[in-house]
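Numbering (full-length UniProt numbering), first residue to last: 1 to 294.
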């Protein structure tokens, strides 16, 4: 005779009144933090439909009257330059920056993280040390160099550094990711007759996909929102990216168009938000993963 054991019933532990109160307080605190974090975005959203005078006089995020003229002003562009041109300028700079970071930092990290050659550790230490160097220190020397090269007022100074592996943060991230990949893969490929280029492009690069997506997201967002670089190197309005254009709305010699600036700010956030939403799962995976598991 076969007997069937009765299913074991696990009683749910009842929460005490103190635990419930602690949970309520914790959730209320999180909601308060969420309100503080989202308030600036909400204020920009409501300010984009406010009257220009209402933005300065009404501190409430709720507009007294709604107007769509701000978006009409934003879509008209500025100084005869259409809006799509500024979006295109920002996209070109951001896209070239992403390509440059992926091409240069991944190869540099492979050399520093997988190859054995004299002075490798010293070179890696110098790369990490550049993280401690403020960007303002290099601002004047870089401008003088680009001025002598006669490339000021072009996007060349904004993207050339990305193609030279100068971003130590991403080099360090790639190196740490490569250190989690078993070296047996390199050895097996070497036995099969593969060289360093074949190992990098056929083995390492596919395994670096989480780190590549993570660096692409950060680079795109940072380049899209960069204001200091275009402010220094770009002088003609038809070459301005969106952050540089926003500064032009605040004219000290005339009436500042704050409503148009808020509408343009909201429009400029849309590509960044969409880019992040599409690749956010890869971003989380890239941060949480540090190599091949299993």
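Don't be surprised by glycine CBs; every beta carbon is placed ideally from N, CA and C.
Only a predicted model underlies this, so the values are computations on that prediction, with no experimental measurement involved.
Nearest neighbour of residue i, chosen from the options [CA to CA]
| i | options | result |
| --- | --- | --- |
| residue 275 | 98, 62 and 37 | 98 |
| residue 190 | 114, 224 and 88 | 114 |
| residue 296 | 109, 210 and 220 | A question about residue 296 goes unanswered here, because the residues of the chain that appear run from 1 up to 294. |
| residue 55 | 32, 262 and 271 | 262 |
| residue 281 | 170, 210, 108 and 151 | 210 |
| residue 106 | 139, 72 and 205 | 205 |
| residue 78 | 273, 249 and 268 | 249 |
| residue 70 | 46, 20 and 61 | 46 |
| residue 269 | 118, 156 and 40 | 40 |
| residue 95 | 139, 133, 155 and 130 | 155 |
Separation of residue j from residue i, as counted between CA atoms
| i | j | result |
| --- | --- | --- |
| residue 161 | residue 103 | 12 Å |
| residue 208 | residue 188 | 18 Å |
| residue 158 | residue 213 | 21 Å |
| residue 278 | residue 23 | 33 Å |
| residue 217 | residue 17 | 44 Å |
| residue 63 | residue 135 | 40 Å |
| residue 232 | residue 87 | 19 Å |
| residue 182 | residue 172 | 18 Å |
| residue 271 | residue 81 | 20 Å |
| residue 123 | residue 112 | 8 Å |
| residue 273 | residue 91 | 14 Å |
| residue 253 | residue 236 | Residue placement at residue 253 cannot be trusted, given a pLDDT of 47 that sits under 50; what the coordinates show is reported in the next sentence. Taking the straight line from one Cα to the other gives about 18 Å. |
| residue 26 | residue 143 | 50 Å |
| residue 130 | residue 151 | 25 Å |
| residue 166 | residue 199 | 24 Å |
| residue 196 | residue 83 | 46 Å |
| residue 226 | residue 193 | 45 Å |
| residue 19 | residue 29 | 15 Å |
| residue 36 | residue 21 | 23 Å |
| residue 139 | residue 31 | 41 Å |
| residue 33 | residue 117 | 50 Å |
CB contact flag (residue i, residue j, <8 Å)
| i | j | result |
| --- | --- | --- |
| residue 259 | residue 58 | no |
| residue 241 | residue 89 | yes |
| residue 67 | residue 49 | yes |
| residue 137 | residue 168 | no |
| residue 265 | residue 246 | yes |
| residue 178 | residue 203 | no |
| residue 215 | residue 170 | yes |
| residue 229 | residue 163 | no |
| residue 61 | residue 42 | yes |
Residue-chain proximity (residue i, chain D), Cβ-Cβ < 8 Å
| i | result |
| --- | --- |
| residue 46 | Judged by its chain identifiers, the structure shown contains no chain D, having just a single protein chain. |
CB-CB length for residue i against residue j, believed under 8 Å
| i | j | result |
| --- | --- | --- |
| residue 238 | residue 85 | 6 Å |
| residue 109 | residue 175 | 5 Å |
| residue 257 | residue 73 | 6 Å |
Cβ-heavy atom distance, residue i to the ligand SAH, below 7 Å
| i | result |
| --- | --- |
| residue 167 | Absent from the structure shown: the ligand SAH. Ligands present: none. |
_Secondary structure, alpha helix (DSSP H): runs of 4+ residues fully inside the stretch 238-277_ = 242-248
*With a floor of 4 residues, list each alpha helix (DSSP H) that falls wholly inside the stretch 154-226, ordered by position along the chain.*
156-159, 168-179, 184-191, 196-199 and 209-224
*Where are the alpha helix (DSSP H) runs, 4 residues long or more, that stay fully inside the stretch 39-67, in chain order?*
52-57
*Any beta strand (DSSP E) of 3 or more consecutive residues that is wholly inside the stretch 76-131*: Listed in chain order, the beta strand (DSSP E) runs fully inside the stretch 76-131 amount to none, counting runs of at least 3 residues.
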